[in-house]
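> According to this note's numbering, the sequence shown is numbered sequentially starting from 146.
Note that beta-carbon positions come from the ideal geometry of N, C-alpha and C, so glycine has one too.
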Amino acid sequence: MQLGALATMFRQTNIIWMFFIAANSAVSYAENLYGQDSVLQNKHKTTLEDNDHLSHNRSTPISSGLKKRRMHNSSSNSQQSAFERSEFSLHHPPAGFFYEILDVISKLWSLKWKVAIAFAPFVMVLLAFVTFVIWNGSIVLGAKEAHAVSPHFAQMLYFGLCCAAALGPVHFTQATCLYQSFRKNKIFYSFQVLLALVIGFIAVFFFSIAHPYLLADNRHYPFYLWRKVIQVHWMMKYLLIPLYVYSWSFIISILRGRIWVLSYVIATALVLVPAPLIEFRYYTIPFYFLILHSKIGETSNWLLIGGLYAVVNIFTMYLFLFRPFHWDHEPGTQRFIW
146 MQLGALATMF RQTNIIWMFF IAANSAVSYA ENLYGQDSVL QNKHKTTLED NDHLSHNRST
206 PISSGLKKRR MHNSSSNSQQ SAFERSEFSL HHPPAGFFYE ILDVISKLWS LKWKVAIAFA
266 PFVMVLLAFV TFVIWNGSIV LGAKEAHAVS PHFAQMLYFG LCCAAALGPV HFTQATCLYQ
326 SFRKNKIFYS FQVLLALVIG FIAVFFFSIA HPYLLADNRH YPFYLWRKVI QVHWMMKYLL
386 IPLYVYSWSF IISILRGRIW VLSYVIATAL VLVPAPLIEF RYYTIPFYFL ILHSKIGETS
446 NWLLIGGLYA VVNIFTMYLF LFRPFHWDHE PGTQRFIW
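Below you can see the structure in the form of structure tokens.
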């Protein structure tokens, strides 16, 4: 909590990431408490059954006791198999993701007072942040007009593509897994892909923003990506939509836990969508969470990713140190950086 409050003082949108961590921690906290209560209830139930069984054995003949014991063992086995089936159905609920969300909400609600007390310090930080926003008149410090909140939904697409590019070495194996999943249920996944393409088209057509800072500053990568890739032709921004869809499919496929993925997408959207300016520094924190929570386990993939980062950073530092340039409209030496 203290680190979250400190991070919010450096960048205001970090309040979202602080509550992203708090929300997932609250879910884990509730599930752990719920699991402990279930274990205690099972132990108590087992103790009562054992006591009843012992008292019943004392009042019956040996042969009858053996018969009852066999019946009890078979009953225990059937109860165990039923428990195993219920446990399997809990991890693989028939109603799918919706059932999982309702299950989490139910656990949080049943333990609401314990969760509220445990996570009360986060609420104090939120109240302090709301007080600051009211006093400041905006979440933005500095040039409020240049950083006005905008419905920049295309920002999510750019973020997905950048993350997929940064994790390039993983695509060799993950693309095969995605294709195999598609083949198993073509109708369902075809509908998902079509829906994602429609959403991507709406985001690109209606919610693409070219910020004046992006168009005027040629010292950063986004300037060249915007001019040389996205705006090289009027059709290019639409031709990139399938790549955006694949990028997000790839991201979701390497993450663990559907509830975590849902909260991650919501938090990322809350941070990126209101930002009208395209800057890689906005992507840093969500990318770190993506890396830390990914299922990438092969050492070779990590080595290739590290090598890719080293090459890009060496190239960037070379441009910064040895390729300075000048602007006609402004004195001084300009240098290229991220």
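For residue 249, which of 178, 377, 483 has the nearest alpha-carbon?
Within the sequence shown, numbered from 1, the residue matching residue 249 stands at position 104. Ranking the options by Cα distance to residue 249, first place goes to 178.
> Considering only residues of the same chain and omitting the five flanking positions on each side of residue 348, which have a CB-CB separation below 8 Å?
Locating residue 348 in the sequence shown gives position 203, counting from the first residue. 298, 299, 301, 302, listed in sequence order.
> Would you be able to state if there are at least three C-beta pairs under 8 Å between the stretch 154–171 and the stretch 409–416?
In short, these stretches touch, since the Cβ pair count reaches three.
> Looking only at its chain, what residues have a beta carbon closer than 7 Å to the beta carbon of residue 295, apart from the 5 residues adjacent to it on each side?
Indexing the sequence shown from 1 puts residue 295 at position 150. Closer than 7 Å at Cβ, skipping near neighbours: 354, 419, 421.
> Which complete alpha helix (DSSP H) runs does the stretch 288–313 hold, if anything under 4 residues is left out?
List check, alpha helix (DSSP H) in window: 299–311.
> Ignore the nearest five residues each way along the sequence and tell me which others in residue 430's own chain have a CB closer than 7 Å to its CB.
In the sequence shown, the residue the question calls residue 430 occupies position 285. These residues qualify, in order along the chain: 162.
> Quick one: grab the DSSP three-state call for residue 439.
Walking along the sequence shown from the start, residue 439 turns up at place 294. Note: residue 439 maps to strand in three-state DSSP.
> So, are the CB atoms of residue 252 and residue 172 less than 9 Å apart?
The residue labelled residue 252 in the question sits at position 107 within the sequence shown. The residue labelled residue 172 in the question sits at position 27 within the sequence shown. In contact: residue 252 and residue 172 (Cβ atoms closer than 9 Å).
> Any chance the stretch 431–439 sits against the stretch 338–348, with 3 or more Cβ pairs inside 8 Å?
Flag = no, the stretch 431–439 and the stretch 338–348 do not touch.
> Taking the alpha carbon of residue 323 as the reference point, which residue from 448, 334, 180 has its own alpha carbon closest?
Reading the sequence shown from its first residue, position 178 is the one you call residue 323. Nearest C-alpha to residue 323: 334.
> Span of the alpha helix (DSSP H) holding residue 446?
Indexing the sequence shown from 1 puts residue 446 at position 301. Segment 444–467, the alpha helix (DSSP H) holding residue 446.
> Can you find a heavy atom of the ligand FMN that lies under 8 Å from the Cβ of residue 351?
In the structure on display, the ligand FMN does not appear, and there are no ligands present to speak of.
> I need the straight-line Cα distance from residue 318 to residue 307, nearest angstrom please.
As a position in the sequence shown, residue 318 is number 173, starting the count at 1. As a position in the sequence shown, residue 307 is number 162, starting the count at 1. Cα-Cα distance, rounded: 19 Å.
> Once you ignore the five residues that flank residue 392 on each side, which residues in its own chain have a CB closer than 6 Å to its CB?
The residue labelled residue 392 in the question sits at position 247 within the sequence shown. Answer for residue 392: 305, 306, 309, listed in chain order.
> Is the Cβ-Cβ distance between residue 153 and residue 264 less than 9 Å?
As a working note, residue 153 is residue 8 in the sequence shown. As a working note, residue 264 is residue 119 in the sequence shown. Not closer than 9 Å, so no.
> Suppose you measure from the CA of residue 409 to the CA of residue 427; what does that come to, to the nearest Å?
The residue labelled residue 409 in the question sits at position 264 within the sequence shown. The residue labelled residue 427 in the question sits at position 282 within the sequence shown. Going from the Cα of residue 409 to the Cα of residue 427 covers about 15 Å.
> May I ask you to report which of helix, strand or coil DSSP gives residue 370?
Numbered from its first residue, the sequence shown carries residue 370 at position 225. Reduced to three states, the DSSP call for residue 370 is helix.
> According to DSSP, simplified to helix, strand and coil, what is residue 400?
Along the sequence shown, one-based indexing puts residue 400 at 255. Strand, per DSSP.
> If the criterion is Cβ atoms closer than 9 Å, does the pair residue 399 and residue 373 meet it?
On the sequence shown, residue 399 is found 254 positions in, with the first residue counted as 1. On the sequence shown, residue 373 is found 228 positions in, with the first residue counted as 1. No.
> Looking only at DSSP bridge pairs, what is residue 478 linked to?
The count along the sequence shown starts at 1 and reaches residue 478 at position 333. Paired residue(s): 471.
> Please classify residue 172: does DSSP put it in a helix, a strand, or coil?
Position 27 of the sequence shown, counted from the first residue, corresponds to residue 172. Note: residue 172 maps to helix in three-state DSSP.
> When burial is assigned at 16 or more other CB atoms within 10 Å of the CB, is residue 167 buried or exposed?
Position 22 of the sequence shown, counted from the first residue, corresponds to residue 167. It counts as buried.
> Do you know how far the Cα of residue 328 is from the Cα of residue 149?
Taking the sequence shown and counting its residues from 1, one reaches residue 149 at position 4. Taking the sequence shown and counting its residues from 1, one reaches residue 328 at position 183. Rounded to whole angstroms, residue 149 to residue 328 spans 43 Å at the Cα level.
> Determine, using beta carbons only, whether residue 242 and residue 403 come nearer to each other than 9 Å.
As a working note, residue 242 is residue 97 in the sequence shown. As a working note, residue 403 is residue 258 in the sequence shown. Their beta carbons are under 9 Å apart, which means residue 242 touches residue 403 by this criterion.
> What alpha helix (DSSP H) runs, 4 residues minimum, are completely inside the stretch 247–273?
Correct list: 257–263.
> Span of the alpha helix (DSSP H) holding residue 364?
If you number the sequence shown from 1, residue 364 lands on position 219. Here residue 364 belongs to no alpha helix (DSSP H), and DSSP marks it neither H nor E.
> What do you reckon, are the CB atoms on residue 482 and residue 460 nearer than 9 Å?
The residue you call residue 482 lines up with position 337 of the sequence shown. The residue you call residue 460 lines up with position 315 of the sequence shown. Against a cut-off of 9 Å, the Cβ pair of residue 460 and residue 482 comes out as no contact.
> Can you name the start and end residues of the alpha helix (DSSP H) that residue 338 belongs to?
Translated into the one-based positions of the sequence shown, residue 338 becomes position 193. Unbroken alpha helix (DSSP H) run through residue 338: 331–351.
> Taking residue 176 as the reference, give the member of 157, 151, 246 with the closest Cα.
In the sequence shown, the residue the question calls residue 176 occupies position 31. Out of 157, 151, 246, 246 has the C-alpha closest to the C-alpha of residue 176.
> Using CA coordinates, which residue listed in 462, 405, 157 is at the minimum distance from residue 165?
The residue you call residue 165 lines up with position 20 of the sequence shown. Looking at the Cα atoms, 405 is the closest of the given residues.
> Compute the distance between the beta-carbons of residue 260 and residue 338, then report whether it is under 9 Å.
Within the sequence shown, the letter at position 115 stands for residue 260. Within the sequence shown, the letter at position 193 stands for residue 338. Contact: no.
> Buried or exposed, going by whether 16 or more other CB atoms sit within 10 Å of the CB of residue 446?
Taking the sequence shown and counting its residues from 1, the one referred to as residue 446 is at position 301. Classification of residue 446: buried, given that the 10 Å Cβ count is 16 or more.
> Give a yes or no on whether the C-beta atoms belonging to residue 157 and residue 286 are separated by under 9 Å.
On the sequence shown, position 12 is the one that residue 157 refers to. On the sequence shown, position 141 is the one that residue 286 refers to. Yes; because the gap between Cβ atoms is below 9 Å, this pair is in contact.
> Run through DSSP, which three-state label would residue 316 get?
Stepping through the sequence shown from its first residue, residue 316 is reached at position 171. Here residue 316 sits in helix by DSSP.
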